[in-house]
Each structure stands twice: as structure tokens, then as C-alpha cells.
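Engineer: According to numbering that gives the first Met the number 0, the residues represented by the sequence shown are 0 to 755, in order. For glycine and all other residues, C-beta sits at the position ideal for the given N, C-alpha and C.
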Amino acid sequence: MFKCKTVWDKLAPLARASSTLCLQNARKSALRHGRRLEMVQKAQMSSGPAGGGGENTLYYVLVGATCLGGGVYVYRTVSGDKERYNERMIEIASRSKQGPQAAEAVAEVVAESKEDAAPLESIPEPSSEPVKSEPVAEELTLTEPHVEEPLVTEADVKSPETEPVAEAPVTEPVVEEPVTEPIVEASIPEPTVETSIREPVVEASVMEPAAEAPAVTQSEEPLAPVVERETEPTPVIIAEHVPEASSVSESAAVSKAAPAAEPVEPTAAPSDVPAHAPYLLIGGGTASFAAARSIRARDPGARVLIVTEESDLPYMRPPLSKELWFSDDPKAIETLRFKQWNGKERSIYFQPASFYVSPADLAKVENGGVAVLTGRKVVHMDVRGNKVKLSDGAEISYEKCLIATGGVPRNLQVIDRAGEEVMKRTTLFRKIEDFRSLEKISREVKSITIIGGGFLGSELACALGRRSTDLGFEVIQMFPEKGNMGKVLPEYLSNWTTEKVRKEGASVITDAVVKNVSYKNGKLEIKLKDGRLIKTDHIVAAVGLEPSVELAKSAGLEVDSDFGGYRVNSELQARSNIWVAGDAACFYDINLGRRRVEHHDHAVVSGRLAGENMTGASKPYWHQSMFWSDLGPDVGYEAIGIVDSSLPTVGVFAKATAKDTPKAATEQSGTGIRSESETEAVAGVLKAETTATPPPIQQKEDYGKGVIFYLRDQVVVGIVLWNVFNRMPIARKIIKDGEHHADLNEVAKLFNIHED
């Protein structure tokens with residue numbers, strides 16, 4: 000059909016052109032002579048020279064070829080339609096047969112074909128090439144003789160138990176082994192074969208993936224594929240006889256047992272990991288717990304999930320370097336319960352385990368709650384998809400997220416490069432495990448050296464120094480400054496603090512810059528730049544904290560190049576639904592500018608503010624956090640703002656009394672965590688008087704109690720309260736006001752340092 004149409008498309012323009020030319024010549028001739036043209040005028044249709052013998056040949060060829068092509072096309076179309084009509088009628092007639100008639104037709108066709116069957120060896124292998132499936136009825140072509148086998152549906156062949164089917168005589172040799180190959184079903188038409196093949200009847204409902212047909216041998220016969228039609232689920236059955244019911248069942252069982260490609264199931268998240276958390280807090284320290292408590296206070300039905308790398312529930316870190324070392328209870332190392340300076344006992348954990356809900360039940364509890372997922376680390380953040388990936392591969396989606404990952408303790412490069420033996424004998428003090436490990440070491444070694452003169456180093460030096468008297472080991476503290484807390488306290492007060500540490504039992508080495516550390520003859524040898532050599536059994540490195548910013552890259556968060564930590568705005572917000580609090584936050588202080596603070600109270604304050612802002616408070620950071628340090632039960636200080644020994648300072652001191660000690664302060668407040676006892680109401684009724692000139696610093700050998708002001712551009716930006724407690728709201732208000740004070744001695748009177 001398409002070929003004829005193509006020929007016609009090519010010849011039609013020529014025929015039309017010749018006809019048009021003939022018509023035009025006829026009209027011209029009629030106009031000239033006034034009569035009809037004679038037949039001789041037809042010669043004008045030719046494009047050749049006039050009078051030629053073949054002038055009309057092209058026209059007759061074109062018209063004749065067109066008529067001939069059309070006739071051939073019509074004949075073939077009619078013949079094909081007749082054949083298809085007959086085939087369709089045969090199919091309809093075969094489907095109308097029921098029960099025994101269908102079986103007899105099948106047996107008759109098979110028996111007739113077996114009379115001229117070829118030997119079994121001559122049966123060719125079925126083609127393994129796939130053929131497109133057609134919804135029309137399949138045909139079985141037999142070469143000798145040609146028989147059109149009617150289709151038999153599954154409904155035509157009744158179960159052998161109810162109606163037996165006639166079997167044709169078996170002339171083939173008996174197969175010794177049963178066929179074990181799986182019966183394969185595929186959406187392909189039946190292959191054309193040259194002889195009949197004995198096949199068992201199979202269930203059309205058994206669907207298995209297509210497989211290659213096995214090679215035919217003397218002892219086994221090839222299995223024809225069972226066709227699963229797209230329009231009707233009934234298979235074409237080519238069989239010499241219907242096997243018994245057991246054979247059908249076995250065949251179906253074999254087919255079901257055929258190997259199939261199992262779908263790969265995605266790795267399921269552990270059962271204790273919730274798939275979604277409305278409030279996700281990364282990190283299990285003080286900032287996370289403060290945020291969780293703040294969120295629940297503003298949204299009582301909130302569901303909060305804390306994910307922490309540690310194996311412990313949220314706990315406070317200050318007692319690890321303070322009160323726990325002074326406990327008389329030998330079980331305190333395991334229970335982590337300690338006595339405060341006021342004698343009251345409490346746990347290092349913020350809340351017992353019963354306070355939290357199970358992470359697996361977080362989505363089920365009626366009124367929400369706080370769940371803690373321990374021993375898991377967030378390794379990747381997808382801020383666009385609002386989900387995180389844990390170290391075990393689990394994923395958690397969130398609505399709002401807080402990053403409170405804190406930091407990791409720094410180490411000296413000379414120790415990192417010293418080798419494995421030195422690292423095995425070095426403690427980076429930070430966690431509960433570090434406290435327990437160092438406490439055990441203090442009972443086994445003869446010498447411990449603390450490198451660092453800051454808050455942590457000085458506190459551990461005092462704690463271990465007092466213990467060394469009872470256990471008989473040596474405690475050495477070394478640092479590059481001229482005195483303890485040399486970067487925070489003014490020089491005169493730093494020198495006084497150094498003497499205080501020595502009185503607690505520690506040997507203090509100032510101006511000590513470590514050049515090399517090695518392990519020789521069972522001892523650690525610390526060589527200083529000035530040539531001094533210190534031998535010890537164990538080293539505690541307390542040289543600062545490195546903020547944890549591992550998630551910055553995957554989350555696309557900015558890290559401050561000057562202070563470190565995640566850079567956030569005054570609302571502690573890094574992105575639209577991500578906040579940062581605690582040691583890892585480099586925030587903008589609306590009074591003092593950009594800062595990063597590494598203290599317990601800052602973790603409490605920033606965590607509380609972040610939690611409020613996560614629930615829609617939109618509050619800026621203006622509340623100045625404080626920090627404190629205790630050098631034993633008798634000497635302690637609290638500080639707020641920017642306390643840097645490089646700034647100008649003014650100190651006002653007075654004689655201390657028995658109640659001017661950390662122990663007395665905790666007895667009055669009822670808690671050893673002094674940031675928890677602050678009250679804002681005290682500062683509201685106090686006003687600073689500025690009438691006199693600042694007095695000179697009182698140089699005393701015994702600084703009992705006092706106030707040290709840190710100035711920048713004649714404005715107070717930091718305050719240290721030395722053995723003055725529960726006055727922090729006053730100091731906070733002074734810094735918040737940011738006023739210029741002419742007489743800081745009068746300002747010091749606001750702290751009542753001169754009262755008995």
C-alpha cells in the first residue's frame with residue numbers, strides 16, 4: 000500500500016502536467032478554427048518534436064502504470080482481508096467449544112501431527128530472541144501436514160479430578176528424569192515448531208522472570224513458554240496429554256521456586272531513631288538542655304530530640320574540675336553525685352533518666368517531651384531538605400534545628416608529634432570519661448604535670464594538689480604566662496593567685512614554653528625553650544578549646560575567622576531555621592560587638608535565648624553571661640563581659656570576712672552552680688554614683704575581696720568580682736548601661752564590699 004502511494008505521488012504531477020498541456024492546446028485550436036480538434040491534435044501533448052512516432056507514449060505509460068498499481072493494491076488488500084476473516088472465524092469457532100470437545104480437538108490435532116513427526120534429535124532449539132507481544136491469537140504452524148490448531152483456554156480444560164481429558168497414544172520414549180527446569184512465562188508469542196512437543200499443562204497464574212531455554216538432549220525435552228497475554232490471562236496450551244493433579248502442583252511449585260531477582264530493600268533506620276523531630280538539638284551539653292527547657296516552657300506540647308555523641312544524658316561540666324575532686328564518698332566516681340561547698344548533695348546530671356521520653360516514642364507521647372539519642376553523631380546536614388544524617392546512616396528530618404556541638408580540647412603540637420607512647424600518657428580533659436580516667440591515674444602514678452594556666456588548668460592544679468598530700472604524688476603546673484590566669488587577671492592579682500595554687504600543694508613553673516616532649520626510660524621528658532627539663536609520669540593538656548564546626552561545610556554555614564565558631568546574628572540565628580548556642584556560637588553582642596564565650600553560664604543563657612527564638616520570640620542577645628572559677632573552697636571569683644588583662648583595669652578591694660568564700664556563697668544561695676541563682680530584680684533598684692576620682696590600685700599581700708573593672712575608651716566592658724558573690728545582676732546592669740563613670744570607687748560601693 001505504501002509503495003503504491005509513493006509511486007503515485009511521483010507520477011501524478013507528470014500526468015497532471017500532460018493533461019493540462021493537452022487541454023490548453025485543444026482550447027487554442029478550437030478558438031482558431033472554430034471546430035473540434037481532430038484526433039491528430041493529440042500529438043501536441045508530447046514534449047518531443049512534432050510528427051514523431053512516440054509522442055503519446057509517455058502519457059499512456061503513466062496512466063497504465065497507475066491503473067495497474069491500483070488494481071494490484073486492491074487485489075492484495077481484498078485477499079488479505081479474506082484470510083484474516085477466515086482465521087478470525089476459526090478462532091471464534093474454537094472458543095465456542097466446551098469441555099470434552101476442546102480436549103478431543105486437541106488430541107485429534109496432536110495425533111494427526113505425530114504421524115509425520117520427525118525424530119526427537121531433529122527438533123531444533125527454540126529461538127531465544129525476544130519477540131514483541133501481540134494481542135491477537137497465536138498460531139501453531141506445522142510443516143507436515145499443515146494444521147491450524149484451535150486455541151484452548153484454561154476454562155476449557157477441566158480439572159482431572161472432575162473430568163478426565165482424553166490422551167493420545169504415547170509413541171515417544173519415556174523420559175528417565177523429571178523436568179526440573181523452571182517453567183518460564185513471558186509476554187512473547189509462541190515459537191514456530193516443526194513437530195509436536197509433549198508438554199504438561201501449567202497454571203497461567205504463576206509468573207516468573209523469563210529465562211533462556213535449556214538445550215535439548217536425549218533425556219529431557221524443551222519446555223515451550225507459557226504466554227501471559229495482555230488482553231486475557233488464559234495461556235495457549237500445547238499438550239499431548241494432561242498430567243495428573245500432582246504433576247501440575249509439582250510443576251507450579253518448581254516454577255515458584257525459580258530464582259528471581261529480589262528487590263533491594265533500603266537500609267532501615269534503627270528502631271530507636273525517630274524519622275522526624277519538630278525541634279532537633281545537635282549536642283547534649285548545657286546549651287542543648289537549656290534550649291530544650293526553654294522550648295518546652297513556651298510550647299508545652301513541643302517534641303524535642305537531643306542527639307549527642309556521648310553516651311551520657313545532658314550534664315554540667317564545672318563539677319568535673321571542682322567539687323567532684325573534693326568528695327569524701329568513694330562511690331562518687333561512679334554515681335557522679337557530689338557535695339557542694341554548702342554541704343548539699345546533688346548529681347552532675349541535669350535530670351534523671353525518668354525525665355526524658357524514649358526517642359522511639361517521641362512522636363507517640365500525648366503531650367510531647369524531650370528525648371535524648373545518645374552515642375550518635377550528626378555527620379551531615381541538608382539545610383534545603385531540612386534533614387540530617389547520623390554516623391550510623393540514619394536520617395532525621397526537622398522543622399527547626401539548634402547546633403550546640405560545643406568544642407573539643409586543644410592539644411600542643413609538640414605532643415601530637417611526639418608519638419604514640421606520649422599520647423597514651425596524655426589526657427585532654429573535657430568529658431566524664433576524662434574525669435574518671437584521670438582520677439584513676441592519680442592513684443597509680445608518682446607525678447602529674449598540668450600544662451596550662453587558665454581556668455581549667457588552675458582548677459585542676461588546686462584539686463590535684465590538695466589530693467597529692469594524701470596520695471603522695473607530685474603535681475606540677477606550667478604555663479607561658481607570668482602567673483595563673485595571666486590572660487584574665489591583672490598582673491598583681493595573677494601573682495597572688497599563683498601563690499594560692501602553690502599553697503594548695505602544686506609546684507608552679509611560670510614562663511614555661513614547651514619545646515619538646517619525649518618518652519624515655521619509663522618517663523615523659525618535657526624540655527622547655529629555656530633549657531629546663533621536667534620529668535613526669537602523665538600530662539594533662541589544658542590549653543584551650545577548639546569549637547566544633549564540622550557541620551559548617553555540609554550546612555553552608557559561615558565560620559568566623561577571628562574568634563572561630565559559627566557566625567550568627569544577635570538572635571543566635573545562622574539561617575532561617577538554624578540557630579547556634581554555647582561554645583560553638585560566634586554571636587553579635589549588641590553592647591560589646593562580636594564575641595565567642597566558653598563558659599557554663601553562657602551556655603545556659605545562649606541556650607535559653609535560642610530556645611525562645613526557635614519558638615518565635617525574636618529576642619536579641621543582650622543578657623551578659625557570667626563565668627566563675629573556684630580555687631578550692633576558700634577562694635573564688637565571678638566575671639562578666641570582656642575580661643582581658645591587656646585592657647586598663649581598676650581594682651577596689653576590702654578586707655574579707657568568713658562569709659566571703661565560695662563555700663559561704665553556696666550556703667546562702669543553695670546551689671553550687673551560681674549562674675542558676677541569679678536574680679534580675681536586684682539590679683533594677685541600684686544606681687551608680689560618679690562623684691570622685693578613681694583611687695589607685697590597693698597593693699596588698701592579701702586580696703580578701705574586691706571588684707576589678709576592665710575599661711575600654713573609659714567605659715566599663717568587664718567586671719571581676721573577687722570573693723564577692725551573688726552580685727552579678729549589678730555588674731550586668733553597669734555593662735548594659737555603657738556609661739562613662741568618673742569615680743569607680745563609688746561604683747564599687749554598689750557591691751557592698753565594705754560591709755562587715
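#1: Mind reading off the beta-carbon distance from Y348 to Y314? Whole number of angstroms is fine, and I expect it under 8 angstroms.
#2: Any idea if H740 is buried or exposed, counting beta-carbon neighbours within 10 angstroms, 16 or more meaning buried?
#3: Pick out whichever of S553, M422, A583 has its Cα sitting closest to the Cα of N385.
#4: Tell me where the beta strand (DSSP E) around G635 begins and ends.
#5: Whose C-beta lies closer than 7 angstroms to the C-beta of N568 among residues of the same chain, with five residues either side of it excluded?
#6: Are L463 and F428 close, meaning C-beta to C-beta below 8 angstroms?
#7: Where does Q572 sit, in a helix, a strand or coil, going by DSSP?
#8: In angstroms, rounded to a whole number, what distance separates the CA positions of L401 and A580?
#9: At which residue ranges does the segment 422 to 503 contain complete alpha helix (DSSP H) runs of 4 or more residues, listed in the order of the chain?
#10: Do T307 and T807 count as a contact pair if the criterion is CB distance below 8 angstroms?
#11: Does the distance from the C-beta atom of G703 to that of Y709 stay below 8 angstroms?
#12: For a quick check, are the C-beta atoms of T496 and M484 less than 8 angstroms apart?
#13: Could you check which residue in A541, S605, G615 has the C-alpha nearest to that of N576?
#14: Which stretch, first to last residue, makes up the alpha helix (DSSP H) that contains T334?
#15: Taking DSSP as the reference, what is the three-state secondary structure of I305?
#16: Between which residues of its own chain and H601 is the CB-CB distance below 6 angstroms, once the five residues before and five after are set aside?
#17: Hey, R526 and K514 are a contact pair by Cβ (cut 8 angstroms); roughly how many whole angstroms apart?
#18: For P317, I'd like the list of residues in its chain whose CB is within less than 6 angstroms of its CB, leaving aside the five on either flank, ordered along the chain.
#19: Taking R416 as the reference, give the member of S517, T334, Y636 with the closest Cα.
#20: According to DSSP, simplified to helix, strand and coil, what is T648?
#21: Please classify K519 as buried or exposed, where buried requires at least 16 neighbouring CB atoms within 10 angstroms.
#22: Are there three or more Cβ pairs, one per stretch, closer than 8 angstroms when the segment 637 to 644 is compared with the segment 716 to 731?
#23: Short of 6 angstroms in beta carbon distance, which residues of its chain neighbour K654, apart from the five on each side in sequence? Order them along the chain.
#24: Give the C-beta separation of I589 and Y620 to the nearest angstrom, bearing in mind that I take them to be a contact with Cβ-Cβ under 8 angstroms.
#25: Roughly how many angstroms lie between the CA atoms of V272 and N725, to the nearest whole one?
#26: So, using beta-carbon positions, are I431 and D311 closer together than 8 angstroms?
#27: In the structure shown, what three-state DSSP assignment does R375 receive?
#28: Under 7 angstroms Cβ to Cβ from F472, same chain only, skipping five residues before and after it: list those, please.
#29: Tell me, please, which residues DSSP counts as bridged to N515.
#30: Return the chain-ordered list of same chain residues with a C-beta closer than 6 angstroms to the C-beta of G564, the five sequence neighbours on each side being excluded.
#31: Starting from the C-beta of E611, find all residues in its chain whose C-beta is less than 7 angstroms away, skip the five residues before and the five after it, and write them out in chain order.
#32: Check each candidate in Y72, W324, I734, L630 and name the one with the smallest Cα separation from H622.
#33: Starting from the Cα of P299, find the closest Cα among L280, K343, G368 and give me that residue.
#34: With distances taken Cα to Cα, identify the nearest neighbour of D561 among G453, S493, I707, R593.
#35: Would A301 and S605 qualify as a contact pair, given that the criterion is a beta-carbon distance under 8 angstroms?
Structural biologist: With the structure as the only source:
#1: Numbered from its first residue, the sequence shown carries residue 348 at position 349. Numbered from its first residue, the sequence shown carries residue 314 at position 315. Confirmed, Cβ separation roughly 5 angstroms.
#2: The sequence position of residue 740 within the sequence shown is 741, counting from 1. It is buried - the Cβ of H740 has at least 16 other Cβ atoms within 10 Å.
#3: For the purposes of this step, residue 385 is taken as the residue at position 386 of the sequence shown. Taking only the C-alpha atoms, the option nearest N385 is S553.
#4: Looking up residue 635 in the sequence shown gives position 636. Residues 635 to 640.
#5: Reading the sequence shown from its first residue, position 569 is the one you call residue 568. Excluding sequence neighbours, N568 sits near Y587.
#6: Looking up residue 463 in the sequence shown gives position 464. Looking up residue 428 in the sequence shown gives position 429. No. Outside cutoff.
#7: Here the question's residue 572 lines up with position 573 in the sequence shown. Reduced to three states, the DSSP call for Q572 is strand.
#8: In the sequence shown, counting from the first residue as 1, residue 401 sits at position 402. In the sequence shown, counting from the first residue as 1, residue 580 sits at position 581. Taking the straight line joining both Cα atoms gives about 7 angstroms.
#9: Taking only runs of at least 4 residues, the alpha helix (DSSP H) segments lying wholly in the segment 422 to 503 are 431 to 441, 454 to 470, 490 to 502.
#10: Lying outside 0 to 755, the shown extent of the chain, residue 807 is not represented and no answer is given.
#11: As a working mapping, residue 703 is identified with position 704 in the sequence shown. As a working mapping, residue 709 is identified with position 710 in the sequence shown. No, the pair does not count as a contact, with Cβ atoms beyond the cut-off.
#12: Numbered from its first residue, the sequence shown carries residue 496 at position 497. Numbered from its first residue, the sequence shown carries residue 484 at position 485. It is a contact, given that the beta carbons lie within the stated cut-off.
#13: Taking the sequence shown and counting its residues from 1, the one referred to as residue 576 is at position 577. Nearest option by C-alpha distance: G615.
#14: The residue labelled residue 334 in the question sits at position 335 within the sequence shown. Start and end: 331 to 334.
#15: Numbered from its first residue, the sequence shown carries residue 305 at position 306. Note: I305 maps to strand in three-state DSSP.
#16: Here the question's residue 601 lines up with position 602 in the sequence shown. Hits under 6 angstroms: S624.
#17: For the purposes of this step, residue 526 is taken as residue 527 along the sequence shown, with counting starting at 1. For the purposes of this step, residue 514 is taken as residue 515 along the sequence shown, with counting starting at 1. Checking the sequence, you will find Lys at residue 526 rather than Arg. That belief holds up - the Cβ atoms of K526 and K514 are roughly 5 angstroms apart, short of 8 angstroms.
#18: The count along the sequence shown starts at 1 and reaches residue 317 at position 318. Within the same chain, P317 has close Cβ partners H599.
#19: Within the sequence shown, numbered from 1, the residue matching residue 416 stands at position 417. If you compare the alpha carbons of S517, T334, Y636 with that of R416, the shortest gap goes to S517.
#20: Residue 648 sits at position 649 when you count from the first residue of the sequence shown. Correct three-state label for T648: strand.
#21: Locating residue 519 in the sequence shown gives position 520, where the first residue counts as 1. Classification of K519: exposed, given that the 10 Å Cβ count is below 16.
#22: The segment 637 to 644, when compared against the segment 716 to 731, does touch it at the 8 angstroms Cβ threshold.
#23: Within the sequence shown, numbered from 1, the residue matching residue 654 stands at position 655. Sequence-distant Cβ neighbours of K654 in its own chain, meaning closer than 6 angstroms and more than five residues away, are G703.
#24: Numbered from its first residue, the sequence shown carries residue 589 at position 590. Numbered from its first residue, the sequence shown carries residue 620 at position 621. About 7 angstroms separates the two Cβ atoms, so the contact holds.
#25: In the sequence shown, the residue the question calls residue 272 occupies position 273. In the sequence shown, the residue the question calls residue 725 occupies position 726. The straight-line gap from Cα to Cα measures roughly 43 angstroms.
#26: In the sequence shown, counting from the first residue as 1, residue 431 sits at position 432. In the sequence shown, counting from the first residue as 1, residue 311 sits at position 312. Taking 8 angstroms as the Cβ cut-off, I431 and D311 qualify as a contacting pair.
#27: Working through the sequence shown from its first residue, we reach residue 375 at position 376. Of the three classes helix, strand and coil, the one that applies to R375 here is coil, per DSSP.
#28: Start at 1 with the first residue of the sequence shown, and residue 472 comes out as number 473. Here the set comprises S441, V444, K445, S446, I447.
#29: Here residue 515 refers to the residue found at position 516 of the sequence shown. For N515, the pairing in a beta bridge is given by DSSP as K526.
#30: Start at 1 with the first residue of the sequence shown, and residue 564 comes out as number 565. P546, A583, A584, C585, R595, listed in sequence order.
#31: As a working mapping, residue 611 is identified with position 612 in the sequence shown. Excluding positions up to five away in sequence, the list reads S293, R297, K618.
#32: Indexing the sequence shown from 1 puts residue 622 at position 623. Answer by Cα proximity: I734.
#33: As a first step, residue 299 is located in the sequence shown; it is residue number 300 there, counting from the start. That would be G368, whose Cα lies nearest to the Cα of P299.
#34: Locating residue 561 in the sequence shown gives position 562, where the first residue counts as 1. Ranking G453, S493, I707, R593 by CA distance to the CA of D561 puts R593 first.
#35: Here the question's residue 301 lines up with position 302 in the sequence shown. Here the question's residue 605 lines up with position 606 in the sequence shown. In this structure, S605 does not lie closer than 8 angstroms to A301 by Cβ.
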